[in-house]
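Asker:
Protein chains in written order, with the numbering used here: chain A, 1330 to 1681; chain B, 1330 to 1681; chain C, 1330 to 1681; chain D, 1330 to 1681.
#1: At a threshold of 8 Å, does residue 1513 of chain B count as lining the ligand SAM (C-beta to nearest heavy atom)?
#2: In three-state DSSP terms, what is residue 1437 of chain D?
#3: Which residues mark the beginning and the end of the beta strand (DSSP E) in which residue 1422 of chain A is found?
#4: Measuring alpha carbon to alpha carbon, tell me which residue in B:1611, B:1599, B:1597 is nearest residue 1601 of chain C.
#5: Listed from N- to C-terminal order along the chain, which residues in the region 1370-1395 of chain C have their beta-carbon within a distance smaller than 7 Å of any beta-carbon of chain D?
#6: Taking the continuous alpha helix (DSSP H) assigned at residue 1632 of chain C, which residues delimit it?
#7: Which residues does DSSP list as the beta-bridge partners of residue 1429 of chain C?
#8: Chain A beta carbons: is any one of them nearer than 9 Å to that of residue 1599 of chain D?
#9: Please confirm if the region 1402-1416 of chain A is in contact with the region 1342-1360 of chain A, defined as three or more CB-CB distances below 8 Å between the two stretches.
#10: Consider the Cβ of residue 1603 of chain C: report whether some Cβ of chain B lies at a distance smaller than 9 Å.
#11: Ends of the alpha helix (DSSP H) at residue 1514 of chain C?
#12: Quick check on residue 1622 of chain A - is its C-beta less than 9 Å from some C-beta in chain D?
#13: Does any residue of chain C have a CB that is nearer than 9 Å to the CB of residue 1665 of chain D?
#14: In the region 1344-1367 of chain D, which residues sit with their C-beta less than 9 Å from some C-beta in chain B, listed in chain order?
#15: With DSSP as the reference, label residue 1607 of chain B as helix, strand or coil.
#16: Determine whether the beta carbon atoms of residue 1462 of chain D and residue 1646 of chain D lie at a separation below 9 Å.
#17: What does a CB cutoff of less than 6 Å around residue 1481 of chain C pick up in its chain, not counting 5 residues either side in sequence?
#18: Assuming residue 1457 of chain C contacts residue 1641 of chain C (C-beta within less than 8 Å), just tell me the rounded distance between them.
#19: Per DSSP, what kind of secondary structure is residue 1376 of chain A in: helix, strand or coil?
#20: Of all the CB atoms in chain C, is at least one closer than 9 Å to the CB of residue 1487 of chain B?
#21: Assuming residue 1439 of chain A contacts residue 1413 of chain A (C-beta within less than 8 Å), just tell me the rounded distance between them.
#22: List in chain order: all unbroken beta strand (DSSP E) runs of 3+ residues lying wholly within the region 1453-1487 of chain C.
#23: If we cut at 9 Å on Cβ distances, does residue 1661 of chain C have a partner in chain B?
#24: Starting from the Cα of residue 1340 of chain C, find the closest Cα among C:1365, C:1566, C:1356 and give me that residue.
#25: Indicate whether the contact test is met: 3 or more Cβ pairs, each with one atom in the region 1495-1509 of chain C and one in the region 1565-1576 of chain C, closer than 8 Å.
#26: DSSP has residue 1584 of chain A in a bridge; who is on the other side?
#27: Mapping the DSSP letters down to three states, classify residue 1594 of chain A as helix, strand or coil.
#28: For residue 1498 of chain B, which three-state DSSP category applies?
#29: What is the DSSP secondary structure of residue 1668 of chain D, reduced to helix, strand or coil?
#30: Grab me the residues of residue 1319 of chain C's own chain with a C-beta within less than 8 Å of its C-beta, minus the 5 sequence neighbours each way, in chain order.
#31: In chain order, what residues of the same chain have a beta carbon less than 8 Å from the beta carbon of residue 1614 of chain A, not counting five sequence neighbours either side?
#32: Leaving out five residues before and five after residue 1388 of chain B in sequence, what residues of the same chain have Cβ atoms less than 7 Å from its Cβ?
#33: What in chain A is Cβ-close to residue 1484 of chain D, meaning under 7 Å?
#34: Which residue comes first and which comes last in the alpha helix (DSSP H) that contains residue 1360 of chain D?
#35: Anything in chain A within Cβ reach of residue 1572 of chain D, meaning under 7 Å, just list it in chain order.
#36: Going along chain B, which residues have a C-beta under 7 Å from residue 1592 of chain C?
See below:
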C-alpha cells in the first residue's frame, strides 16, 4: 500500500483536533477524509479549522458515504467498544485512544473483533513514542540500571475533567482517565506485570467545584506490587492547577533513572532576586508529548502500509484497564487487591 | 551560661565522628571533653583524630571522672533508652540521634525522664536545620502552595547497614534506620499527623549479600494517609549503591514544591558526546546535609545557653517511631494499619 | 496555490539529506521532486534513501527536465551566488542555507536578483523557528528583561569541518561556517545592529590534525559592540568533540535570560556514586534544532502558498556575512574593526 | 601555636561583619579581639552585634592597646597599602581583601614588607575555598578536560557600588571591585598567565542613577588572551539587579566544564502554569560563597598555627591588579593592551 492512508476521525473535540492537526501538518502520506461527531457545533468548528468537508453525526453514515482505510477513535470511553466493533466489521484499521474500554469483557471483545477481521489495533499510548520514554525503555532493557526494583510514575493534569470522565460509572474515574498511561508505563518499564495494588484517594477540591459524584476523588496514590517482586507507585492529581506533569523515576539494582522533568522550555529568566529564576513548565499534554503524538500516528500509518503489528496494542490496553479496576476496588474496599481477582472474574466494579 | 558548653560524646563511630568534627571545627563555644565507646579501637582512633584525651568504655565512668554539661548520643537504637535515662538522671542535656527508641514505651520513659530532670532533649532530625528543608517548611506554612494534598519523601542510602541496623529485633529495620527522617518530615511538611499506613517491601540484594535475617528487606514503599485527608508515600532503598538520595515532593491545593535534588555540586562536565553530561551526586549523608549537621549542634548549644526548647524534641521522635511500628506491622500482616493501633496498645511488633 | 509545492534539492550531502528528510516525513504539502549533486555517489545514495527518481549532476539539467516551484540550496558557500542567480532567473523560490555568500557583493547580487524576479528568498537561520529561541525573542521584544545590555552567544560543533569549510578563501572559515547563526542571533535578540568587533583566535588542534591551511583556527572569541551601546561576545569552537552546543545568555536592564542549555534529553541516570549523574547532551545540530528544521521548511512552504515574505531573508543573511568579514579582518590585523569599514568598501578580506 | 588566634578586624562594614561573623560562629580557635573603623556609628553597631568590646577609630590605637596575632583588612582599596605596611611592621599576620591595591607599586611594597617581617599574607580570594571552584580546579589540573582552550568568567552584582568603588581614581572601578575574582580565577583555572586584553564597556544605568563620575561604566566585557594560546572573557555587570551571579565555563581539548550556576537553593515551586517554575537565585555574595568565606578564614588560622604559606597570596593579588590595569587602559585607549605594558612600566593609568 503506497498511496495516501485515508482516515476517518471519530470525535472532533480536544483529542480529535490534536490528531487531526498531526495528520494534517506533520504526517506525510495520510489524510483525514471524514470527521464524525454527534455535536454539530464541534463537528463544524473542527471541520472548518482543518478544511475537512465530509462531516457526519454518526459513524455509520461516514462508513456509508466515504471511502477510508482507518479510524482514529477519540470519543469517550463508554463508546470505545461499539465504535471499535463497527470499525473492525467494516475492515478499517483502528487507532484507539486510552483507556481502551470500561472493563475486561469489552477489551476482550475488541481484541477478538480486530483479530477476526484482520485489522490493526493500536492503542493511544503515545509515551512509547516519546523520545525520552522510548530511549529510557531501551536503556533499561539494555541493562543500564540493572533489574528494576522500584518505580514511581505520576500524572498530574491541570484542569477539571468533564463530568463523564470523573464518574466511575462512565469512565472508571481519574485512575483511568488520567493514569491509564502510568499503568501502561510501569508495566513496560519494570518489565513485569503487576499482581497486587493498594490505593488511597482524597477529595480536596470537589466541594469547591460543587461535585457530588459518588466516590469522586481528585488525588490518588496507588502502591503497586509486581510479579518480579518490584514495587511501585502511581499517583494522580487532577485538577492540580500548576501544569501538566508526567514523570517517572525508576531504581534498579545498579542505579536510578529519571524520565521527564517538571520544566518545559529551556528558557530561564530572572528579573527579581527576591522571586528567583523562572522557567516555563509544560502547560498541557500536547506540549509535553508533542513528538509522541506525531510519532505514534506516523507509526500507525507505517504499520498499515507495511502490514506490521503496532508496538502498543490490545494487550497493553487490557492490562491498563485491569490495573484501574483493581486499584479502584482497593480504595472502595479499603484493602490490597490482587490482579487475579479482576482477571478471574472479569467482573466490573462492585459499586456498579 | 556563657562559657564553653562541655560535651560528652557517646559513640565514637561514624555518627560520633561526624558530630565531633562539627563541634571541633564549626561550633564556636562548645567542646567535646569526653568520648565513650565500648570498643577501645574505635574509641582511640576517634580520640586521637580529634585530640580528645578523656576516653571511656562506659558512660558511667565518664560521668564519674569528667565534668560536662551535655551528651550527644550516637550509639545503636537499643542503647538509647538506658543512656538517655542515665544522662537525665545526671542532669546532662541530651542530643539524641534518631530513631529515638525501639518502641513507644521507651520513648515515653525518655520524655518523662528529661522532663522530670529538666534537661533539654533534642532529636537528631537535622533536616529541620537544612537550609532547603527549613526554607521549604516556612514557605509551606506561609501558604505558598496552599493546603498540602500529597507528599512523597524518599531516602535511599548507598551501603548495606550493619547487622544490628537491619534486624527488626534490634533496630526495627530500614523503615527506622533509613526512613526515620522521612517519617518526621512528612508530618512536619504536611502539617498533619498520619493516621493510616500500608507498606510493601522487597528483598532484592539480600541473597547476594548472604543475609538471612528474618523479614529482611532492602526496598520499601509506604502509602501514608494523613488526618488532614492528605496522602503520601515514603520510600526507602538501602543499599541503593548509586549515592545518598533524600528528596521530597509535595503538592498543595495551589501548586507543587520540590525539595532537594539528586545532583550534588554544580560542576558539570562533558568530555564524550556519547556519554553525555556528568554532574556529581551526593555520595553520603554528611555531604548532603553538611549545613544541617552544623546548624543542629549550634541550635543545641544555643538552647542550652539560653534555656530554650529545641525545635525538634521527644514528640517528633515519638511520632517517627510510631510510624515505623505501624508500617512494619502493615507489611508483616499484609493490610493497612491505623496509627491508633500502635498508640492504643503501645505494643511492640507481633514478631518479637 | 494549493497544490503540493515541488522542490528541487541542491546538494545531496548532510544538509541536503536533513531537509529532504523533513520534507518527506514532516512537511505535508511539499515534495522533493529532483535532486542535484555533482558527486554521483552521494546523489544516488540520497536519491535511493528517499525514493527520489529525478537525479542530476547539474542544476541546469534539472531546470530543463523537471517542473518544480522552489529550490533548497545546501551546497558550499562559494556556489551560493551562481545557484541563486540561476534559480531566480528561472523563477524558482529560494531557500538558501547560511552563510549567504562569501562577501557583500555576492549578497547584494542575490538580493537584487530575487527582487527583480519576484521570487521568495528565505535564509536557513532555523534558530528563528526553534521554539525556545523564538519564544525568547518574543519575550525580549515584549520588554521582559528590559533594554538588552549584554549578550553571549556560542556555537561549538563536535567534528572537524571539511577542508573547504575551514579555508578562509573558500568559506571565510569557522566564523562563517560555525558562527553564522550567532551573528544573526545577537543582532536579532539585542534588537540592534553591531558596529565594532574585536576578535581573538587560537589553533589548538590543527597540528594534530595535520592542518596547514593559512590562518586556520579552531577557537575564536569575538567581542561585539552594538549601535545601541550594548556589548556581546560570540564564541566558536570546532572541533570541540564534546557535543553540539548552541546557547545564548542575554542580560537586560531588568534581568537575565538564558536560551538553550547544554543538556539534551531529560533522562538522568546514576549508577556510580563516584562518577555522578549522567544526562544526554545534544550530539549534533539536527538533534538540537529538530523542531527548527521542520518549522523553517513549513514556513517556506507557507510563504510560497500565501505569497508572504519569510521571517528571515536577504537582509539577515547580509548582516551575518558583514559580521564575519569584520571579525576576520580584526584578528588578521590585530585591532578592533568597525562594520562601516566593510560596508563602505564592500571589500573582501585583505588576505585574498 | 595552639592557643586561640587573636584577630584585629580592620573595617566594620559589610565585609568586616561577614568575616567577624565567620570567626565568631564557625571558626573554632579564633576570636575577634579588636575592631577598627573610622566611623564610630558603624564601629559600635558591629561591635555591639558581636560583643566586641575593644573598638578603635584608628589602627595605631588598636596596636597600642590590644594584643593580637593577625589582622583582617576589609577597608577600601586605597587604604590597603598603609594598613598592610603597618601590620607587617607590627609583626601581625595579614588577611587582605581584594583588590590587593591600586597599582603594582603598592602590591610590590606590600609583598616586600610581609616578606621582610616574616608575616603571612593571604588574599581574600575565597573562590579558591569554594567547594565547587576548588573541586573544579583540581579536576582541571588532573587533566579531565584536557589542555584549557577557552574560559568565560562572569561576576554580576545586584546593587550599585558606593562612590569610591566606582571611581577609577579611588578603586580602579568595576573591573577591580567586581571582577578581581575573575582575574584571579581565569589565571588559576586556565593554568596560564594572560598576556593581552581588549575591553569594551557600557554605561546603561549611570544617567538614571545620576552618576557623572568620569569614565563610569556598569557593563564590561574583556577579551583575554593567555600565554598558553588560550582565549577567555571576563564580564562584569553591576548593578545587574537580578541577583549575585558568579559562574565560569571552561572548554579544554577534551571537553567542557561549567562551574557554579545561576540557581540557588534546590527548592522548586510552581503555582501558576502561565508563570512556570520558580527557583531561588543567589541574592548576595555571602549566600553564594557561604562555605568559601568560612573555609578561607579557617585556612588563614591554620596557616598561622602551622606556619604554612597560604594557598593564595601576594602573587595572585598582584596578577589580578595587573589585569585590571591593562583592561582599563584598553577601553580608555580603544585598543588591545599587552600585560607587558603594565609590568614594564608599573605605571598607573594614563588618566590619573
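By construction, the Cβ of each residue, glycine as well, lies at the ideal position given by its N, Cα and C atoms.
Answerer: To lay it out plainly:
#1: You won't find the ligand SAM in this model; it holds no ligand whatsoever.
#2: It is helical.
#3: 1422-1425
#4: Measuring from the Cα of residue 1601 of chain C, the nearest candidate turns out to be B:1611.
#5: Residues of the region 1370-1395 of chain C that bring their beta carbon within less than 7 Å of a beta carbon in chain D are absent altogether.
#6: Residues 1619-1635.
#7: Note: residue 1429 of chain C sits in no beta bridge, so no partner.
#8: yes
#9: yes
#10: yes
#11: 1509-1519
#12: no
#13: yes
#14: 1352, 1353, 1354, 1355, 1356, 1357, 1358, 1359, 1360
#15: strand
#16: no
#17: Hits under 6 Å: 1562, 1578.
#18: Their Cβ separation, rounded to whole angstroms, is 5 Å, which keeps residue 1457 of chain C and residue 1641 of chain C in contact under 8 Å.
#19: helix
#20: yes
#21: 5 Å
#22: 1477-1485
#23: no
#24: C:1365
#25: In the pairwise beta carbon analysis, the region 1495-1509 of chain C is classified as touching the region 1565-1576 of chain C: at least three pairs are separated by under 8 Å.
#26: In DSSP, residue 1584 of chain A forms a bridge with A:1581.
#27: coil
#28: Residue 1498 of chain B falls in the helix class under three-state DSSP.
#29: helix
#30: Here chain C covers residues 1330 to 1681 and nothing more, so residue 1319 of chain C does not appear.
#31: 1486, 1573, 1575
#32: 1339, 1365, 1412, 1415
#33: Within chain A, no residue comes near residue 1484 of chain D; the closest Cβ sits about 15 Å away, beyond 7 Å.
#34: Premise fails: residue 1360 of chain D lies in the beta strand (DSSP E), 1359-1365, not in any alpha helix (DSSP H).
#35: Near residue 1572 of chain D (Cβ distances below 7 Å), the residues of chain A are 1599, 1602.
#36: 1606
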